[in-house]
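S.K.:
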Amino acid sequence: MPAQMQIESVPLADALGAEVHGIDLSVPLSGETVAAIRQTWLDHQVLVFRNQHLTDAQLTDFSRHFGDLDTVPGWEPFSPSGHPEVLIISNVRKDGATIGVLGDGEASWHTDMSYLDQPPPGSLLYSLEVPDTGGDTCFMSMYAALDALPTDIREAIRGKSLNHDSSHDSAGNLRSNHTAFEDVSGAPGAQHPIVRAHPETGRPALFLGRRLHAWIVGESVESSEALLDRIWEHCTRQEFTYCHQWQRGDLLMWDNRCTMHRRDPFDAQARRVMHRTQLKGDAPVRAAASA
Ligand SMILES: [Fe+2]
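If you want it as structure tokens, here you go:
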């Protein structure tokens, strides 16, 4: 019998984020409970569930309530046995090899895999081991950043698209199957409207992907860089963000369509182990009507 649970959510910051109480994610949930979680997610963009105790099967069962799950080509060795939809994010090494991806370094602000034609709508990240300090994950509301965007910038990006480079990872490293380039207007990747409409809420949101190697289509590289610098300076203000200090047993889910995230580095000697699922992209990015 699926469990019907009363959801209570407490906002974590002005712009985004809510902590959800009263939910045990390890048990099957009723349709009403799932619908309430989805609405809370759409309202707050990032949800935090504390003190969870999840197996990989329970993590994937819960994640599937929100869409089909993705697998990332090339990262198969970093999935737990029997769970190809789960990706291990970790710096821990075993028998000389790392058990997961992303190491211990900083990850700069980004939207996951925005260089795809149909980027993933969201992700869920569950913590099994966390360092005492460091490794915080911060989120930015792209609704709030757009709402407060100066009028002249808004006019300058009206109707424009951004090229989302596919050749570098979120640490800025060139991916192994790509070649280096000087001119960002020649970067491989996908082009998306800079102001998108969220497909479920209808709200317009900035859609930036990541700063490095981005290019506003049709602009000279010089003017694209100048405009992007201004947009990013505006977006990275603290008032648009929530930073999460991880505890063991936290499950976070974020909406990749209206948020960006970044990660602090942490002590390389400390252990950090997270299991992640990612929702599969199922629609192209649409421009907001006002854009
Ligand atoms: Fe990410």
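All the letters of the sequence shown, read from the start, carry residue numbers 56 to 346 under the numbering used here. Beta carbons: idealized from backbone N, C-alpha and C, even for Gly.
1) Let me have the residue list for ligand 1: C-beta closer than 6 Å to any non-hydrogen atom, ordered along the chain.
2) In angstroms with no decimal places, state the Cα-to-Cα distance between Leu183 and Gly273.
3) Establish whether the CB of Leu183 and some CB of chain D are separated by less than 8 Å.
4) According to DSSP, is Val276 helix, strand or coil?
5) Distance, Cα to Cα, Ala235 vs Glu280?
6) Does the distance from the CB of Arg303 to the CB of Val185 come in under 8 Å?
7) Jot down the residue ranges of each uninterrupted alpha helix (DSSP H) in the region 197-232, minimum 4 residues, whole runs only, in chain order.
8) To which residues of the same chain is Trp287 closer than 6 Å at the C-beta, ignoring the five residues directly before and after it?
9) Give me the residue from Pro248, Gly137, His268 and Phe295 with the minimum Cα distance to Thr115.
10) Please indicate yes or no: does the CB of Leu282 lie closer than 7 Å to some heavy atom of ligand 3?
11) Please identify the residue among Val82, Glu255 and His247 whose C-alpha is closest to the C-alpha of Trp270.
12) Go to Phe117, then tell me how far its beta strand (DSSP E) extends in each direction, as first and last residue.
13) Give, in chain order, every unbroken run of the alpha helix (DSSP H) that is at least 4 residues long and sits entirely within the region 265-322.
14) Label Leu229 either buried or exposed according to how many other C-beta atoms from any shown protein chain fall within 10 Å of its C-beta, with 16 as the threshold for buried.
15) Just verifying my parser: in three-state terms, what is the DSSP assignment at Trp130?
16) Restricting to Cα atoms, I'd like to know which of Gly257, Ala199 and Asp125 is closest to Lys335.
17) Out of Met197, Trp301, Ser222 and His219, which one is the CA nearest neighbour of Asp69?
18) Give the list of continuous beta strand (DSSP E) stretches no shorter than 3 residues that lie fully inside the region 123-187.
19) In chain order, what residues of the same chain lie with their CB nearer than 6 Å to the CB of Asp310, ignoring the 5 residues before and after it?
M.R.: On the basis of the supplied data:
1) His165, Asp167, Ser225 and His316
2) Each residue's alpha carbon lies about 45 Å from the other.
3) No chain D appears in the structure shown, which is made up of a single protein chain.
4) helix
5) 19 Å
6) Against a cut-off of 8 Å, the Cβ pair of Val185 and Arg303 comes out as a contact.
7) 197-202 and 206-211
8) Arg266
9) If we check each option's Cα against that of Thr115, Gly137 comes out closest.
10) Ligands displayed in this structure: ligand 1; ligand 3 is not among them.
11) His247
12) Taken as a continuous stretch (DSSP letters only), Phe117 belongs to no beta strand (DSSP E), being part of the alpha helix (DSSP H) at Asp111 to Ser118.
13) 276-290
14) exposed
15) coil
16) Asp125
17) Met197
18) 142-145, 162-165 and 177-184
19) Gln100 and Gly177
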